[in-house]
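Chains as they are written, first to last, in the working numbering: chain A, 194 to 625; chain B, 2 to 827.
For reference, the structure is listed below as structure tokens.
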Amino acid sequence: MDSLFILNASGAALLEKHWCDDRAIRRASLVVVPAFARYLASVEAAADAEPMWSGPQGTVCIHIQRQELIYLGIVSREVPPLEVLELLEGVVQALGEYVGRLSELTIKENFVTVYQLLSEMVDSGAMVTTDTAVLRGLVPVPNLVNRVLENVSGIGIGPERRPNVNTSATPWRAQGIRHSTNEFYVDIAERIDAIIAASGAVVAYDVNGEISCKSRLTGMPELVLTLNRPEIMDDVVFHPCVRRRAWDAERTIGFVPPDGPFKLASFHVAMETSPRSLPLHVRAQASRSGGTHTVEIAVDPGQCHGRPIEKLGVRVPLPLQAYNIGVQCKTGAHKVTNARPPQVEWTVKSVRPGDRGLRLSIQYHMHGEAAAAGGAPPAEQQGVAAAFVDFEIAGYSAASIKVDALRLLRESYKPFKGVRYVTKAGSFQVRF
Amino acid sequence: MTEYLSKAVALAQDAARLSLRFSEGLMDNALEFGLDTPGSFYDNAEFRLAQVRRALATGTDKEKLAAMKQLLAVVARGLDASEYFADVVKNVASGSLEVRRLVYIYLLRYAEQEQDLALLSVNTFQRDLADSNQVIRAMALRVMSSIRVPAIGPIVMLAVRRLSADPSPHVRRAAALAVPKLLRLDPELRSELVVAVNAMLGEASPLAVGAVIRAFSAVCPGQHDQVHKHFRRWCAVLPDIDEWGQIELIKLLAAYARTQFARPADDDALDPDHLLLLEAARPLLHSRNSAVVMAAVSAYCHLAPPAWLAVVAKPLVRLLRASRETGFVALRSALHVAQRQPAVLYPHVRSFFVAASDAPFARRLKLQVLAAVVAAETAGAIVPEVATYAESAQADVSAGAVAVLLACAQRVRVSSVDCFRTLLLLAGDGRAGVATAAMGAVRVLLLDGTIRDLHDRSMTLYDILCYLARALDGCKADGARAHVFALVAEFAESKFGVLHALDVLRAGARSFGTEGNQAKMQLLELGARLCLARGRDGESLAGEHGSTLTALYTYVQTLARYDTSFEVRDRARALRALVPLAGDEAHSETMTHVAGAPLAAELLGSAASVAALVPAGEAAPGYTVGSLSLTMGRCVDGYDPLPDWPAEAPKGVDRGALPGAAGAVGAARGAQPVFIAGLSGRSQQQAATRAEYSTPGSTTAGGGGGDDDLDAFLNSEDKPVSYQPAGMLPAAAVVFEQPALGSGSEYSSSSEYSSGETGDSSQEEEEDNSPDGESSGPSSSPASSSDDDDEQKPLTGISRSNRNSSSSSDELDTRLPIEDTSKYWQ
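Quick look at the structure:
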């Protein structure tokens with residue numbers, strides 16, 4: 194990678210770091226970045242921009258968008274694109290851990306930390322490490338007091354620590370970690386990705402889960418996590434600390450945990466595509482009479498072990514030409530955003546298992562249709578004809594995965610152990 | 002009066018001066034007390050540069066730090082701060098590490114412009130290279146080797162050579178990472194670097210192997226002789242080294258394998274070393290790092306026998322789901338696989354269904370993948386789904402769906418008619434691109450015989466053509482109309498009949514002025530071909546309508562002659578030469594009309610060849626899977642294709658010794674604790690028992706300090722976001738007091754332990770056995786006791802806790818009454 198730029202949403206550079214010669218630096222900042230900014234402005238939505246874009250003079254602009262910032266890597270020679278993406282992603286994650294929420298302002302406030310991190314993480318355009326445990330040993334985390342004072346006076350206070358690096362065989366965990374209370378928390382968060390056809394048939398239904406942990410354990414503990422139905426996970430990815438052999442042989446997750454929060458594993462469960470298996474049934478139907486278009490959305494809670502469905506949100510983007518939008522619903526609140534394209538948002542705080550009759554009805558008219566009532570729809574009708582559903586069910590696992598046991602070996606204390614389950618909607622779409 | 006005025010003016014001036022001073026003071030105070038707005042330090046850095054020079058020369062560390070931060074803010078914003086180079090470089094030996102770090106960042110940015118001044122810093126780096134702290138040593142080498150000043154090449158070379166034997170793997174890694182930079186700086190050092198890198202190849206630390214491999218690939222590209230003796234060892238450590246090293250290593254080994262092994266075929270046995278590499282790469286498919294996964298996928302795609310490729314499907318689909326950006330690369334690679342080995346993706350077709358939230362590039366690629374994988378096995382899932390895309394509100398999805406339907410109709414006989422019907426219905430689609438694509442597909446299917454040859458007589462060619470002719474009324478798209486005119490011309494002599502065709506020509510002639518260029522040209526051709534149409538007896542098929550035909554053709558030709566489009570006029574002229582109008586004969590003796598008629602018919606007939614209609618599949622050359630070139634669809638600078646398989650695999654190559662599996666792991670993960678095998682028999686029993694007690698209230702949680710938390714939790718169990726206890730064994734289940742360093746022997750002991758236990762299905766037995774199992778292991782705790790077992794049988798987990806912490810376990814006994822927990826074990 195030649196250069197890395199952090200851009201704000203409108204494509205202006207906030208910070209730049211180069212690993213190339215002077216000529217390439219000039220090319221990047223004077224030619225490539227402005228051209229990329231123009232490209233970003235030319236696409237309809239920022240998310241439509243191709244992540245790998247052929248820039249001027251043989252360069253390739255590889256970018257990711259996270260929150261409101263764009264991280265752009267400029268490449269002029271063959272390099273695995275995913276390596277660049279992982280690098281950018283790693284930079285974003287490390288920055289997030291150091292400075293909290295990333296925005297234009299926090300980057301401006303912490304640009305020195307950004308530079309320090311970049312110079313540790315990346316060496317001549319290639320990744321050296323993304324492991325935050327390693328990084329914390331090299332670059333001190335700015336704490337609140339430091340941050341306030343630095344921001345004002347540009348001066349860091351506090352004793353200077355000798356930097357060090359853990360070169361043991363468990364680079365993710367240093368020796369001699371001590372905690373006054375020993376705790377270990379497991380969060381199993383599942384994301385439902387589903388596509389539901391207008392007929393109500395389930396076109397695709399996947400559960401993507403993530404087991405994230407928060408470890409505050411003294412010493413060098415060894416943990417063994419047993420799940421109730423490991424066999425249903427058809428694709429599992431582990432943190433490097435997990436012993437793959439043990440998983441292959443006995444389907445238990447054995448590991449020496451890193452300290453602090455970390456992502457232990459992520460898994461995928463292919464669900465059967467029957468409508469009954471979903472925790473939430475959503476039907477959407479579009480109809481038209483005369484010039485009036487109607488979209489009806491019906492939500493019914495399904496099988497979710499009696500748990501309430503919280504934060505239900507339904508977002509319906511309407512065609513670009515829609516106007517005179519009317520919304521009716523008995524439950525919850527709705528909002529019409531007259532952006533381009535206009536959209537309707539419907540939110541219900543909580544849906545109890547027995548609740549029935551949650552309905553949303555949207556009526557609208559279309560520009561350019563009044564003249565030819567009953568004729569063909571306008572030639573270039575924009576819109577996705579789908580409703581996007583968002584929800585959250587606490588204490589429920591869509592794939593019915595539970596932690597059976599978590600055993601601590603090699604240390605004599607008894608930690609407090611907690612498990613939490615949550616199922617959320619990932620990309621849950623209902624076509625109409 | 003003037004007095005008053007001057008007094009007033011003076012007063013005003015005083016007031017202004019006062020307020021100015023006040024506001025200045027406020028500014029200063031703001032700087033001191035933090036009333037500044039956030040981010041203003043960054044925004045205003047270039048206005049405060051006046052003090053920088055002085056601060057860097059004589060200031061305290063604090064002031065220097067502030068000055069450096071100001072300079073970096075200027076650098077961050079892309080402004081030029083090189084004029085301070087001389088002042089900054091003086092601080093390269095600053096006592097404060099933090100100042101030095103910032104100086105380094107600045108130094109690397111501008112060293113190339115200020116080469117002479119940059120040389121001043123070298124002495125400091127050389128001193129740091131001997132520092133006792135490994136981080137300082139590594140940092141010094143890293144920064145020194147990143148300075149783009151060719152003059153220091155030999156000095157860095159010396160440092161690399163010295164630090165490549167450093168005791169710290171962190172420093173050795175920095176030394177290896179410096180090699181490619183050094184080579185770029187001064188290519189003449191290559192021969193020296195080769196020697197240095199060859200000395201590094203024996204590197205054993207998983208931390209540094211990756212960097213060494215990167216150095217080797219940079220310095221000795223394609224020198225596979227050096228790889229031989231390390232091959233097996235590298236295969237063994239591949240799963241254990243750091244992620245970035247894995248990518249480098251697998252790239253190197255893949256290129257090596259392509260020159261050393263025979264092309265793999267399904268029925269042949271693989272070379273054991275080839276097999277070893279593939280097996281070593283397999284765990285990488287499950288890495289959390291998408292670049293590693295892709296490197297492993299790429300290795301499988303290019304090294305494995307075709308029948309093995311199924312393993313890459315899941316990783317590819319996982320990457321596809323990961324994020325928008327990763328999904329793009331995954332889709333490009335999946336498309337590559339789908340076009341060569343479609344069967345690999347058959348079980349995952351649903352993952353390629355278009356979601357409403359997909360970006361345009363994702364939709365396009367997904368549909369291309371679907372078109373590639375559609376086959377008899379997948380048509381059942383794909384066709385109904387794609388049929389809904391045909392009516393999608395997004396034009397690009399519908400147009401892509403047409404391509405899938407076309408591929409499906411051509412490849413899957415049983416669904417041809419269904420697909421064809423769906424395509425026909427798109428004739429009247431309001432979107433030009435969709436209708437054109439659909440009619441193009443219809444034309445291909447009719448011309449290549451897919452539909453004509455159907456035994457199913459439910460839809461004859463006659464019906465189809467009549468339908469299309471009628472659909473012309475509602476069809477506005479230029480391309481689509483052109484396709485229909487072409488079809489009518491093509492089949493005019495079939496049962497559809499010249500008379501029907503004549504009517505199509507008539508309708509077309511009437512709307513000629515409003516047609517698009519494509520349609521105009523096809524109309525001209527239709528007229529010409531109708532004029533040429535001859536029955537078996539050589540009579541014109543138009544029969545008594547011959548005069549109408551001539552009139553229509555003349556009319557169309559005349560309009561085309563004065564058309565605004567050059568292309569249409571050109572086509573009209575060409576056709577007129579082949580099929581002249583009535584008045585033409587008189588003054589064009591050179592044209593051999595009558596004799597040329599069959600020739601003309603042949604020329605016109607062959608114009609509509611199917612090959613011209615079908616988009617040339619994947620013309621892109623086969624780039625390496627996962628490469629930037631594949632993703633961009635063009636050869637990016639520096640792309641190095643994998644070598645082709647050798648005609649004859651080299652034989653009798655010594656690839657070093659393969660460390661024993663346990664030994665390899667032991668060596669690579671020296672200090673790792675042993676793994677204690679899971680209690681598989683019991684855990685299943687637990688699963689069955691606990692399934693009934695999944696609610697938080699009925700589970701129990703660990704003792705010690707955790708109990709209070711648990712109580713608090715149990716009282717508030719209806720709070721959905723509070724942590725639930727694990728529903729698991731209460732405390733440390735088995736405590737091993739392990740000697741600090743593990744090795745291969747411990748693995749054997751642990752496996753002994755597990756084999757002693759897995760056979761036991763009943764819990765009682767297990768309780769009895771487990772102390773034996775523990776004591777049989779050389780590393781077992783002397784404190785494990787059988788007394789505990791006798792006293793506290795129901796409390797399985799607790800009973801097995803360590804005696805050393807007996808106080809806490811006593812406490813636990815009092816807090817957790819036996820009857821509460823015993824029910825879990827019944």
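Glycine included, C-beta positions come from ideal geometry on N, C-alpha and C.
Note the first and the last residue of the continuous alpha helix (DSSP H) segment covering residue i.
i	result
residue 325 of chain B	325 to 341
residue 332 of chain A	Run containing residue 332 of chain A: none; DSSP gives neither H nor E here.
residue 301 of chain A	297 to 302
residue 117 of chain B	116 to 120
Cα separation between residue i and residue j?
i	j	result
residue 236 of chain B	residue 586 of chain A	45 angstroms
residue 91 of chain B	residue 303 of chain A	25 angstroms
residue 403 of chain B	residue 334 of chain B	22 angstroms
residue 299 of chain A	residue 312 of chain A	19 angstroms
residue 404 of chain A	residue 378 of chain A	10 angstroms
residue 462 of chain A	residue 327 of chain B	20 angstroms
residue 231 of chain B	residue 139 of chain B	26 angstroms
residue 241 of chain A	residue 371 of chain B	21 angstroms
residue 490 of chain A	residue 482 of chain B	39 angstroms
residue 693 of chain B	residue 386 of chain A	No answer about residue 693 of chain B holds up, because its pLDDT of 32 lies below 50 and its placement is not dependable.
residue 719 of chain B	residue 359 of chain A	Note that residue 719 of chain B scores 38 on pLDDT, short of 50, meaning its location in the model is unreliable; the coordinates nonetheless yield the value given after this. Rounded to the nearest angstrom, the two C-alpha atoms are 43 angstroms apart.
residue 436 of chain A	residue 447 of chain A	6 angstroms
residue 563 of chain B	residue 527 of chain B	19 angstroms
Using C-beta distances below 8 angstroms, list every residue in its chain close to residue i, excluding the 5 sequence neighbours before and after it, in chain order.
i	result
residue 519 of chain A	555, 556 and 557
residue 197 of chain B	158, 161, 162, 165 and 180
residue 763 of chain B	Low confidence applies to residue 763 of chain B: its pLDDT is 40, below 50, so where it sits in the model is not reliable, and the reading given next is rough at best. Closer than 8 angstroms at the Cβ level, and outside the excluded window around residue 763 of chain B, lies no residue.
Is residue i a contact residue of the ligand ATP, with contact defined as CB to any heavy atom under 8 angstroms?
i	result
residue 336 of chain B	Ligands in the displayed structure: none, and consequently the ligand ATP is not present.
May I ask which residues mark the beginning and end of the beta strand (DSSP E) holding residue i?
i	result
residue 42 of chain B	Looking at the DSSP string, residue 42 of chain B is not in any beta strand (DSSP E); the run it does join, the alpha helix (DSSP H), is 41 to 44.
residue 587 of chain A	579 to 587
residue 558 of chain A	551 to 559
residue 510 of chain A	502 to 510
What residues in its chain sit with their C-beta under 6 angstroms from that of residue i, if we drop five residues either side in the sequence?
i	result
residue 323 of chain A	283
residue 338 of chain B	345
residue 363 of chain A	449
residue 583 of chain A	506 and 618
Anything in chain B within Cβ reach of residue i, meaning under 8 angstroms, just list it in chain order.
i	result
residue 364 of chain A	208 and 243
residue 624 of chain A	357 and 389
residue 581 of chain A	357 and 358
Report the neighbours of residue i on chain A: residues whose CB is nearer than 9 angstroms to its CB, in chain order.
i	result
residue 122 of chain B	The contacting residues do not exist; residue 122 of chain B stays about 15 angstroms from chain A at best.
residue 170 of chain B	360
Please list the partners that residue i has in chain B, where partner means a Cβ-to-Cβ separation under 7 angstroms.
i	result
residue 320 of chain A	245
residue 244 of chain A	325, 326 and 329
residue 557 of chain A	Ordered by position in chain B, no residue passes the 7 angstroms Cβ test against residue 557 of chain A, which lies about 14 angstroms from the chain.
residue 428 of chain A	315 and 319
For residue i, collect the residues of the same chain with a Cβ closer than 7 angstroms to its Cβ; drop the 5 residues on either side in sequence, then sort them by chain order.
i	result
residue 510 of chain A	534, 536, 576 and 577
residue 249 of chain A	224, 225 and 228
residue 550 of chain B	503, 531, 532 and 543
residue 620 of chain A	386
Could you tell me which uninterrupted alpha helix (DSSP H) segments, each at least 4 residues in length, are contained entirely in the stretch 470 to 545 of chain B, listed from first to last along the chain?
Complete alpha helix (DSSP H) runs here, min 4: 479 to 491, 498 to 511 and 518 to 533.
Which whole runs of the alpha helix (DSSP H) in the stretch 433 to 486 of chain A are 4 residues long or more, in chain order?
Contiguous alpha helix (DSSP H) elements confined to the stretch 433 to 486 of chain A occur at 437 to 443, taking only those with 4 or more residues.
Considering only residues of the stretch 226 to 262 of chain A, which uninterrupted beta strand (DSSP E) runs meet the minimum length of 3 residues and lie entirely inside it, listed in chain order?
Qualifying beta strand (DSSP E) stretches, in chain order: 245 to 247 and 253 to 259.
To test your reading of the DSSP string, which unbroken alpha helix (DSSP H) runs of 4 or more residues are found completely within the stretch 86 to 115 of chain B?
Correct list: 86 to 90 and 98 to 111.
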